[in-house]
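Contents: one structure, followed by commentary.
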Amino acid sequence: MLKRFIRLLKTSPLLLPLLASIDLVLWLVDRLAVLTVRTPPKPLSLVVIRLDVMGDYLMFRNYLRQIKESDRYGNHSITLFGNLAVKSLAETFDNALIDHFIWVDIYKLSTQPLYRFRVARQLRSQGFSVVLCPTYSRVLVLDDFMAWATGASERVGCRTDYINIAPWEAALGDRLYTRLIDSGPGILFEMERDRRIVEGFVQEPVAVHPPLLDSHSANALTVPERYIVLSLGAGQEFRIWPADRFAEVARFVSVQYPAYKLVLTGAPSEKIYTESFLKQLPDTSDVVDLTGSLSIPQLVYVLTKADLLIANETGIVHIAASTQTPSIVISQGKSLVRWHPYPAEFGEMITYLYPDYIEQHRADLSAIAPDFNPESPLSINEISVERVKIAIKSMLTESEY
Numbered sequence: 535m536l537k538r539f540i541r542l543l544k545t546s547p548l549l550l551p552l553l554a555s556i557d558l559v560l561w562l563v564d565r566l567a568v569l570t571v572r573t574p575p576k577p578l579s580l581v582v583i584r585l586d587v588m589g590d591y592l593m594f595r596n597y598l599r600q601i602k603e604s605d606r607y608g609n610h611s612i613t614l615f616g617n618l619a620v621k622s623l624a625e626t627f628d629n630a631l632i633d634h635f636i637w638v639d640i641y642k643l644s645t646q647p648l649y650r651f652r653v654a655r656q657l658r659s660q661g662f663s664v665v666l667c668p669t670y671s672r673v674l675v676l677d678d679f680m681a682w683a684t685g686a687s688e689r690v691g692c693r694t695d696y697i698n699i700a701p702w703e704a705a706l707g708d709r710l711y712t713r714l715i716d717s718g719p720g721i722l723f724e725m726e727r728d729r730r731i732v733e734g735f736v737q738e739p740v741a742v743h744p745p746l747l748d749s750h751s752a753n754a755l756t757v758p759e760r761y762i763v764l765s766l767g768a769g770q771e772f773r774i775w776p777a778d779r780f781a782e783v784a785r786f787v788s789v790q791y792p793a794y795k796l797v798l799t800g801a802p803s804e805k806i807y808t809e810s811f812l813k814q815l816p817d818t819s820d821v822v823d824l825t826g827s828l829s830i831p832q833l834v835y836v837l838t839k840a841d842l843l844i845a846n847e848t849g850i851v852h853i854a855a856s857t858q859t860p861s862i863v864i865s866q867g868k869s870l871v872r873w874h875p876y877p878a879e880f881g882e883m884i885t886y887l888y889p890d891y892i893e894q895h896r897a898d899l900s901a902i903a904p905d906f907n908p909e910s911p912l913s914i915n916e917i918s919v920e921r922v923k924i925a926i927k928s929m930l931t932e933s934e935y
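Quick note: the sequence shown uses my numbering, first residue 535, plus one each step.
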């Protein structure tokens, strides 16, 4: 919802005065906050700003070790200033690479001046000597203003696209950094984009690393012996395959693969899809509903043990890529190439199902990617139940049931 509103502000000429007013108010809040702090700089202290969501963090976290072990910043204390939504993930799986964490609610940071004042003041009081904002699609009032609020003498960001920021805002934000990294033109897979940014930051070669989560750090819970995970929701309605189609797939699985239970996962806000799905099943005895009841570390455990994931294209897919879980992903193509499909060397276990137009251009997705960034003109309803059934048959061989 917040991202949708931000993009509307950036693209509507009629809302330009409102956008400028919001930026000015938040800038004044930050200015006032830092004026109340007198903290001497702490040498060898680095703060990394990542205020985006789980998928963004999962792509980036592969390179934390490169920063930690680099010649330039290896002797620095590292703090993550991050979105509260990834707290359990980062603190569970990356606490060996990050020394300190500062968590914020990005909605409150954007809409509640008093909350923002306290956060900006807290940032300034740390006395960081270096700040890195590796976000490619920057937001002026989040990424750029917060980087400036740290007061770090070395403020490193990257040249941005204009998905989350207006060109005039980007020009203003650029001036708040002491160094800007150019990660190259065009639409790149986000993991490669992050690699280039980190390489520019540490100023030494950085290799591509597969996204992996240590299953030993996951929070164990009781799960069926053999099961398929269904994730019915997504952050936006147009990315959600209808519940009645998921139900048809579930009925197919129960008949053709009776050895498998079905495990439902999702955020508490996605219970509406679970309820609709369950109403369409004649028998729910083989369904385990975990919607809204799992922490991220528990979800990692569930995916680690799963035989298959069937999901819309959303954050859970990036977790599945990090746990090497075989997956079927139903996507209408939003942010094609940038976020999906995974390159074969990292995502050979993931099968993506797209509308026919995208499937017809599989050999050169980069050629059509500009038509699908940031939004796709195609409907997820173009993807049939039959195609999902065929994908299931190819991934669950006879030896597996």
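Just so it is clear, CB atoms sit at the ideal spot from N, CA and C, and this is done for glycine as well.
The beta carbons of residue 857 and residue 834 sit about 6 Å from each other, so the pair counts as a contact at 8 Å. Beta-bridge analysis with DSSP links residue 637 to 616. Between residue 677 and residue 693, the CB-CB gap reaches or exceeds 9 Å. Under DSSP, residue 583 takes part in a beta bridge, and its partners are 615. Counting along the chain, residue 713 sits inside the beta strand (DSSP E) bounded by residues 713-715. Within the segment 791-826, the complete beta strand (DSSP E) segments of 3 residues or longer fall at 795-799 and 821-823, listed in chain order. One thing to note: residue 870 has its Cβ no nearer than 9 Å to the Cβ of residue 854. Under DSSP, the beta-bridge partners assigned to residue 845 are 765 and 863. Between the beta-carbon of residue 657 and that of residue 615 there is about 7 Å, and that keeps the pair under the 8 Å contact cut. Out of 927, 691 and 796, the CA that lies nearest to the CA of residue 839 is found in 796. Here residue 649 carries a helix assignment [DSSP, helix/strand/coil].
Annotation: the continuous beta strand (DSSP E) that includes residue 688 extends over 688-692. A distance below 9 Å separates the beta carbons of residue 598 and residue 632.
Beyond the five residues adjoining it in sequence on each side, residue 610 comes within less than 7 Å, by CB distance, of 578, 579, 580 and 664 in the same chain, given in chain order. Membership of residue 919 in the alpha helix (DSSP H) is indicated by the continuous run 919-929. The C-beta distance from residue 875 to residue 881 rounds to 6 Å, short enough to meet the 8 Å contact threshold.
When the five nearest sequence neighbours on each side are left out, the beta carbons in the same chain lying within less than 8 Å of the beta carbon of residue 848 are those of 589, 765, 767, 768, 769 and 773, in order along the chain. Apart from sequence neighbours up to five positions away, the residues of its chain that approach residue 612 with a beta-carbon distance below 6 Å are 580, 632 and 633, ordered along the chain. In the displayed model, residue 626 falls within a helix according to three-state DSSP. Per DSSP, the unbroken beta strand (DSSP E) holding residue 886 starts and ends at 884-887. Residue 639 and residue 683 have their C-alpha atoms roughly 17 Å apart. Per the C-alpha coordinates, the member of 859, 842, 721 and 815 positioned closest to residue 747 is 859. Between the alpha carbons of residue 824 and residue 804 lies a gap of roughly 11 Å.
Across the structure, residue 756 and residue 895 are spaced so that their CA atoms are roughly 42 Å apart. Counted as a single uninterrupted DSSP element, the stretch harbouring residue 828 is not any alpha helix (DSSP H), since DSSP gives it neither H nor E.
Ranked by Cα distance from residue 655, the options 782, 739, 604 and 564 are led by 564.
Here residue 743 carries a coil assignment [DSSP, helix/strand/coil].
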